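First comes the structure, then the notes that go with it.
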Ligand SMILES: Cc1ncc(COP(=O)(O)O)c(C=O)c1O
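In my numbering, the protein residues as written are 39 to 446.
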C-alpha cells in the first residue's frame, strides 16, 4: 500500500505531466494582468488569487522601485537583530488597517510556525477543521510535540464543535478551533457568527483563524471576511497572508493579549531565525496597505462584487455545478468528480483560451476533483461569460464519456 507521501507525490507528478501544474508564464510582460502565455499560447488567467488585481498598480511598482534604489535586493539579517524602517512602517500600517497591534511575519506560513507553538499549551485541546489550510496543520503538528491533544473535526460542523466544548470544557486549559476564514478550494466561509457565540459562552474556547483568501476584497479597509462580519474577539487569533488580495508578501497576526503578543514577537521561532521580507516587497506591501487605507479600496471591492454577482448568476443560468456557498466570495469550484475528467476539462479550456486551476486529492478529497476558479478585478464580464460558456458546453460531454453525471 502506498504511503500518504507517495500518494501525494504521484498525484502532483501526474498533474504536472498533464500540464496542470508547474506551468511557466513565458511572457515578456504580463499584459494588464488578465492574460498569461503558456507554451506560446496566450490564455485568460483564471488562476490568480490577487483578487483586487492591484499587483500592477503604479503606486505599488513605484514603492518597490524606490526601495530597490535605496536598499538593493536585501538587508540580510534576521529582523530581530536589524531591520529597515519600512518593516516597522508595515507593522504600523497593518495596525492602522486592523485597528489592533499587528505582528508582521515574512509569510503567513512562517507566521503560523511562530504563533502556534507559542500559543498551544501541553494541556490544550486543538480541533483542526477537516479543511483548514495545510500551513496551520503543519504548525500544529510541530506544536503537538509538547503533548497537547490534536483532533480533526468535520468541516464547519458547529454542532460537533459545541459538543466537544461541552464535553471537554473542564478537562483542558484551552480548547482551540483552527479554521480558514475563506476556504481556498471551495471558497466557502467559516461559520464565524456561531463560533463567536461559542467564544462568548465558553471562556476557555479560542478561535485561531487564517483569513488569507478573505483579505483585500472585503471588510473595511480590506481586513477580510472574518473581521468584515464580526468585531475582533479577545479569544480570537487572526492571521492572514499578504500575498493574495494585498498583492505583496508577508503574513499578519492579530492577538489581543499583550503578553502572548510579546511572546510571539520576541519568542516565535521564525521571528528569531528566519530572514526578512526583502526591501522591494516591503515597498510593495506598504504601498498596497496605503491603498487599503484609501477610498480606492471601496471602489475596487464594489467592482469585484459586481463580477462575483455576474459569475454566480451566469453559472446558474448555464446550469454549471458550482459548489454552493452561503456567502459570495471570489473563489468558485465547479464540481467534476474524477481527476481524469478534470484533466480533460483543463485541456478543453486551455484550447479555448482559458487557464484555470485543477483541484484534486490531496487539495480536495478523493473523487471530488474539479475546477477551482478565482476571479479578480482584471477579468472582464466577457471573459467570465466566455469561460462559463465553454464549461457549460463541454462538462456534460466529458462526464458522459466517463459515465458520470452532472453533480448539481
Ligand atoms: C489559507 C491559506 N493560508 C496560508 C497560505 C500561505 O500563505 P503564505 O504564502 O503567505 O505563506 C495560503 C496559500 O496558499 C492559504 O491558502
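Where a beta carbon is used, it is the ideal one built from N, C-alpha and C, also for glycine.
Only a predicted model underlies this, so the values are computations on that prediction, with no experimental measurement involved.
Cβ pair residue i, residue j closer than 7 Å
i, j, result
"residue 192", "residue 198", "yes"
"residue 60", "residue 223", "no"
"residue 277", "residue 261", "no"
"residue 284", "residue 252", "no"
"residue 436", "residue 383", "yes"
"residue 414", "residue 398", "no"
"residue 342", "residue 259", "no"
"residue 91", "residue 324", "no"
"residue 163", "residue 187", "yes"
"residue 248", "residue 138", "no"
"residue 391", "residue 156", "no"
"residue 275", "residue 246", "yes"
"residue 225", "residue 363", "yes"
"residue 286", "residue 319", "yes"
"residue 47", "residue 321", "no"
"residue 177", "residue 154", "yes"
"residue 264", "residue 230", "yes"
"residue 425", "residue 131", "no"
"residue 407", "residue 361", "no"
Residues near residue i in its chain [Cβ-Cβ closer than 6 Å; skip 5 each side]
i, result
"residue 75", "64, 65"
"residue 312", "144, 148"
"residue 190", "166, 168"
"residue 294", "272"
Close-in-space but distant-in-sequence residues of the same chain around residue i (CB under 7 Å, 5 per side omitted)
i, result
"residue 152", "143, 302, 306, 307, 308, 309"
"residue 236", "199, 200, 203, 243"
"residue 175", "166"
"residue 73", "80, 81, 82, 83"
"residue 432", "383, 386"
Euclidean distance between Cα positions of residue i and residue j
i, j, result
"residue 429", "residue 347", "18 Å"
"residue 173", "residue 367", "21 Å"
"residue 254", "residue 416", "15 Å"
"residue 380", "residue 393", "13 Å"
"residue 453", "residue 386", "There is simply no residue 453 to check, as the chain begins at 39 and stops at 446 in what is shown."
"residue 297", "residue 184", "20 Å"
"residue 78", "residue 85", "17 Å"
"residue 316", "residue 106", "9 Å"
"residue 210", "residue 125", "38 Å"
"residue 217", "residue 228", "7 Å"
"residue 372", "residue 353", "9 Å"
"residue 94", "residue 71", "7 Å"
"residue 150", "residue 140", "14 Å"
"residue 355", "residue 420", "15 Å"
"residue 58", "residue 396", "7 Å"
"residue 67", "residue 122", "30 Å"
"residue 118", "residue 280", "20 Å"
"residue 55", "residue 388", "15 Å"
"residue 114", "residue 129", "19 Å"
"residue 340", "residue 40", "48 Å"
"residue 304", "residue 241", "26 Å"
"residue 194", "residue 207", "20 Å"
"residue 98", "residue 288", "15 Å"
"residue 96", "residue 329", "11 Å"
"residue 53", "residue 300", "43 Å"
"residue 369", "residue 403", "18 Å"
Residues of its chain near residue i, where Cβ-Cβ distance is below 8 Å and the 5 sequence neighbours each way are ignored
i, result
"residue 446", "Only weak support exists for where residue 446 lies, its pLDDT of 48 falling under 50; the coordinates are left without a value."
"residue 45", "399, 400"
"residue 266", "252, 256, 257, 258"
"residue 282", "87, 88, 89, 250, 251, 253, 254"
"residue 422", "345, 348, 349, 352, 413"
Any non-hydrogen atom of ligand 2 within 6 Å of residue i CB
i, result
"residue 147", "Ligand 2 is not among the ligands present in this structure, which contains only ligand 1."
Which full runs of the alpha helix (DSSP H) of 4+ residues lie inside the stretch 327-362, going along the chain?
334-355
Whole runs of the alpha helix (DSSP H) within the stretch 275-335, excluding any shorter than 4 residues
Those alpha helix (DSSP H) runs which fall completely within the stretch 275-335 and span 4+ residues are 296-305, 307-311, 317-330.
Let me know the beta strand (DSSP E) ranges lying completely inside the stretch 69-112, each 3 residues or longer, listed in chain order.
Entirely contained in the stretch 69-112, the beta strand (DSSP E) runs reaching 3 residues are, in chain order, 73-76, 79-84.
4 or more residues per run - each alpha helix (DSSP H) lying fully within the stretch 113-201
123-136, 146-157, 172-181
Would you mind listing the alpha helix (DSSP H) stretches within the stretch 388-418 that are 4+ residues and don't spill past its ends, in chain order?
none
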